[in-house]
Amino acid sequence: MASNLTYKLIGHRSGDLDNNGQVNVADLTYMAAYMFTGGPPPQYEGVDDVDGSGGLDVADLTYLVAYLFTGGPDPAPCP
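Position 57, counted from 1, in the sequence shown is what the working numbering calls 173; the numbers after and before it change by one each time, with no gaps.
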(Lines of atoms letter the chains of each structure in order from A and count residues from 1; the text may use other names and numbers.)
(Lines give C-alpha, C1' and ligand atoms only; values in the text may rest on other atoms or scores of the structure.)
Protein backbone atom coordinates (compact mmCIF):
# COMPACT_ATOMS: atom_id res chain seq x y z
CA MET A 1 0.00 0.00 0.00
CA ALA A 2 1.44 3.33 -1.07
CA SER A 3 1.29 6.33 1.16
CA ASN A 4 1.46 10.00 0.29
CA LEU A 5 3.30 12.10 2.84
CA THR A 6 3.63 15.84 2.82
CA TYR A 7 6.55 17.53 4.52
CA LYS A 8 6.86 21.15 5.45
CA LEU A 9 10.39 22.48 5.81
CA ILE A 10 10.74 24.76 8.76
CA GLY A 11 13.52 27.29 8.71
CA HIS A 12 14.34 30.81 9.60
CA ARG A 13 15.25 33.38 7.00
CA SER A 14 17.92 35.90 7.85
CA GLY A 15 16.39 39.37 7.94
CA ASP A 16 12.89 38.14 8.81
CA LEU A 17 12.95 39.52 12.33
CA ASP A 18 9.18 39.59 12.77
CA ASN A 19 8.91 35.97 11.55
CA ASN A 20 6.15 36.55 8.99
CA GLY A 21 7.92 34.71 6.17
CA GLN A 22 9.06 37.85 4.33
CA VAL A 23 11.93 40.31 4.58
CA ASN A 24 10.47 43.79 4.27
CA VAL A 25 10.31 47.26 5.85
CA ALA A 26 8.54 45.83 8.90
CA ASP A 27 11.72 43.87 9.66
CA LEU A 28 13.80 47.02 9.36
CA THR A 29 11.49 48.74 11.85
CA TYR A 30 11.64 45.71 14.16
CA MET A 31 15.44 45.72 14.06
CA ALA A 32 15.69 49.45 14.78
CA ALA A 33 13.23 49.16 17.68
CA TYR A 34 15.15 46.22 19.14
CA MET A 35 18.48 48.00 18.82
CA PHE A 36 17.54 51.49 19.95
CA THR A 37 14.26 51.59 21.89
CA GLY A 38 14.09 48.34 23.85
CA GLY A 39 11.84 46.52 21.40
CA PRO A 40 11.49 42.74 21.66
CA PRO A 41 14.30 40.50 20.42
CA PRO A 42 13.76 38.38 17.31
CA GLN A 43 12.07 35.06 18.02
CA TYR A 44 14.92 33.07 16.45
CA GLU A 45 18.63 33.47 17.09
CA GLY A 46 20.72 34.73 14.19
CA VAL A 47 17.99 36.20 11.99
CA ASP A 48 19.20 39.69 12.91
CA ASP A 49 22.78 39.07 11.71
CA VAL A 50 21.97 39.95 8.11
CA ASP A 51 25.57 40.74 7.14
CA GLY A 52 26.91 37.44 8.50
CA SER A 53 29.46 39.04 10.83
CA GLY A 54 28.48 36.92 13.82
CA GLY A 55 26.47 39.49 15.75
CA LEU A 56 24.05 42.37 15.56
CA ASP A 57 25.33 45.91 15.08
CA VAL A 58 24.59 49.06 13.07
CA ALA A 59 26.20 47.44 10.01
CA ASP A 60 23.30 44.96 9.95
CA LEU A 61 20.81 47.81 9.91
CA THR A 62 22.69 49.46 7.05
CA TYR A 63 22.91 46.14 5.19
CA LEU A 64 19.15 45.60 5.48
CA VAL A 65 18.45 49.14 4.23
CA ALA A 66 20.68 48.48 1.20
CA TYR A 67 18.98 45.14 0.52
CA LEU A 68 15.49 46.61 0.71
CA PHE A 69 16.01 49.92 -1.09
CA THR A 70 19.08 49.84 -3.33
CA GLY A 71 19.32 46.27 -4.60
CA GLY A 72 22.02 45.29 -2.11
CA PRO A 73 23.00 41.66 -1.60
CA ASP A 74 20.63 39.16 0.00
CA PRO A 75 20.90 38.69 3.75
CA ALA A 76 23.54 36.14 4.77
CA PRO A 77 22.17 32.67 5.63
CA CYS A 78 21.17 32.05 9.24
CA PRO A 79 23.72 30.18 11.33
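Every residue gets a Cβ at the ideal spot worked out from N, C-alpha and C, and that includes glycine.
- request: Could you tell me the boundaries of the alpha helix (DSSP H) in which L180 lies?
  value: Secondary structure note for L180: its alpha helix (DSSP H) is the uninterrupted segment V174 to F185.
task: Please classify A149: does DSSP put it in a helix, a strand, or coil?
output: Look at A149 here: in three-state DSSP terms it is helix.
field: Reference V174; option with closest CA among N136, L144, R129 and N140
entry: With distances taken between CA atoms, V174 lies nearest to L144 out of N136, L144, R129 and N140.
field: Nearest-angstrom Cβ-Cβ length linking G188 and V163, presumed shorter than 8 Å
entry: That pair is no contact at about 17 Å.
- prompt: Excluding sequence positions up to five away, which residues of its chain have a Cβ less than 8 Å from the Cβ of P193?
  reply: Within the same chain, P193 has close Cβ partners S130 and G168.
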